[in-house]
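*Asks:* Submitted below is the structure of interest, expressed as structure tokens.
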Amino acid sequence: MSRKTLRVSKIKDGTVIDHITKGHALNVIKILGIDGRSNGVVSIAMNVPSQKLGVKDIVKIEGRELNPEEVDKIALIAPHATINIIRNYKVVEKQRVKLPSVILGIVKCTNPACISNIENEPVKPIFYVEREEPLRLRCHYCGKIMGKEDVLGQF
Ligand code: CTP
Ligand code: ZN
Numbered sequence: 021m022s023r024k025t026l027r028v029s030k031i032k033d034g035t036v037i038d039h040i041t042k043g044h045a046l047n048v049i050k051i052l053g054i055d056g057r058s059n060g061v062v063s064i065a066m067n068v069p070s071q072k073l074g075v076k077d078i079v080k081i082e083g084r085e086l087n088p089e090e091v092d093k094i095a096l097i098a099p100h101a102t103i104n105i106i107r108n109y110k111v112v113e114k115q116r117v118k119l120p121s122v123i124l125g126i127v128k129c130t131n132p133a134c135i136s137n138i139e140n141e142p143v144k145p146i147f148y149v150e151r152e153e154p155l156r157l158r159c160h161y162c163g164k165i166m167g168k169e170d171v172l173g174q175f
């Protein structure tokens, strides 16, 4: 691509979440708990032309690296995302998010009658990933099918 300037400048230290599914940059921000009270520079680019995806969103977070649970949540809504760790301006690690075939613990079943939602039942939520994009999860216990919107409502 013959671009004369960078759309968003490179960062010195932190994390670049690249190849986010179009329209989901703000959901990634939400998953990371970033709001008006957060410190640190956060840059968001939406609808950036991409060879791989057509268009993509990008989120750059300075001075922070992500924990595994945050990465797993991002995988649910942006299964093609890459997490780039930047130290002293260099990409020192590039990780493609990976959605496991079975999801344990990070989402709850939206069926209130599901055994996984009954208090005092020692039952952890389990979901099978039936499709990555658009997301389709099936509850192990009650068979409830959940999509991206159901998951986003919980983050
Ligand atoms: N980046 C950044 N600051 C840096 C280094 C990289 O913001 N100091 C960003 C780049 O702009 C890019 C992402 O981090 O969005 C990954 O950088 P790089 O691996 O150099 O880019 P590509 O090779 O294009 O990545 P990929 O192969 O994953 O598409
Ligand atoms: Zn259920």
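The opening position of the sequence shown corresponds to residue 21 in this note's numbering, with each subsequent residue numbered one higher.
Quick reminder that beta carbons are idealized off the backbone N, C-alpha and C, glycines included.
1. Note down the Cα distance separating C129 from E141, rounded to an integer number of angstroms.
2. Check this for me: beta carbons of I94 and I123, under 9 Å apart or not?
3. For E139, which of helix, strand or coil comes out of DSSP?
4. How far does the beta strand (DSSP E) with N104 in it extend, from its first residue to its last?
5. When you compare each of V111, D33 and L46 to N67 by their alpha carbons, which one comes out closest?
6. Considering Cα atoms alone, identify which of G34, G163 and G74 is closest to Y109.
7. Under the rule that 16 or more other beta-carbon atoms within 10 Å means buried, what is K24, buried or exposed?
8. Pick from D92, P88, I97 and V111: whose alpha carbon is nearest that of K80?
9. Hey, would you say the C-beta of S29 is under 8 Å away from at least one heavy atom of the ligand CTP?
10. How should V127 be labelled, buried or exposed, when 16 other C-beta atoms within 10 angstroms of its C-beta is the threshold for buried?
11. Assuming V36 and N104 are in contact, meaning their beta carbons sit under 8 Å apart, how far apart are those beta carbons, in whole angstroms?
12. Using the beta carbon as the reference atom, which residues fall closer than 6 Å to any heavy atom of the ligand ZN, ordered along the chain?
13. Provide the residue span of the beta strand (DSSP E) that contains K24, from first to last.
14. Pick helix, strand or coil for L157, following the three-state DSSP scheme.
15. Consider the C-beta atom of N59 and the heavy atoms of the ligand CTP; say whether any pair is separated by less than 8 Å.
*Replies:* In short:
1. Translated into positions along the sequence shown, residue 129 becomes position 109. Translated into positions along the sequence shown, residue 141 becomes position 121. Each residue's alpha carbon lies about 14 Å from the other.
2. Here residue 94 is taken as the residue at index 74 of the sequence shown, counted from 1. Here residue 123 is taken as the residue at index 103 of the sequence shown, counted from 1. No, they are not a contact pair.
3. Sequence index remark: in the sequence shown, residue 139 carries index 119 (1-based). DSSP places E139 in coil when its eight states are reduced to three.
4. Translated into positions along the sequence shown, residue 104 becomes position 84. Note, N104: beta strand (DSSP E), T102 to R107.
5. For the purposes of this step, residue 67 is identified with residue 47 of the sequence shown, where counting begins at 1. For the residues V111, D33 and L46, the minimum Cα distance to N67 belongs to L46.
6. Counted from its first residue, the sequence shown places residue 109 at position 89. Minimum Cα distance to Y109 is reached at G34.
7. Position 4 of the sequence shown, counted from the first residue, corresponds to residue 24. Per the 10 Å Cβ criterion, exposed.
8. Counting from 1 along the sequence shown, the entry for residue 80 is found at position 60. Ranking the options by Cα distance to K80, first place goes to V111.
9. The sequence position of residue 29 within the sequence shown is 9, counting from 1. Yes; taking the cut-off as 8 Å, the Cβ of S29 has a heavy atom of the ligand CTP nearer than that.
10. Locating residue 127 in the sequence shown gives position 107, where the first residue counts as 1. Answer is buried; the Cβ neighbour count reaches 16.
11. Along the sequence shown, one-based indexing puts residue 36 at 16. Along the sequence shown, one-based indexing puts residue 104 at 84. Confirmed, Cβ separation roughly 4 Å.
12. C129, N131, C134, S136, C159, Y161, C162 and K164
13. On the sequence shown, position 4 is the one that residue 24 refers to. Neither: K24 is in no beta strand (DSSP E) and is coded neither H nor E.
14. On the sequence shown, position 137 is the one that residue 157 refers to. Three-state result, L157: strand.
15. As a working note, residue 59 is residue 39 in the sequence shown. No - the ligand CTP has no heavy atom lying nearer than 8 Å to the Cβ of N59.
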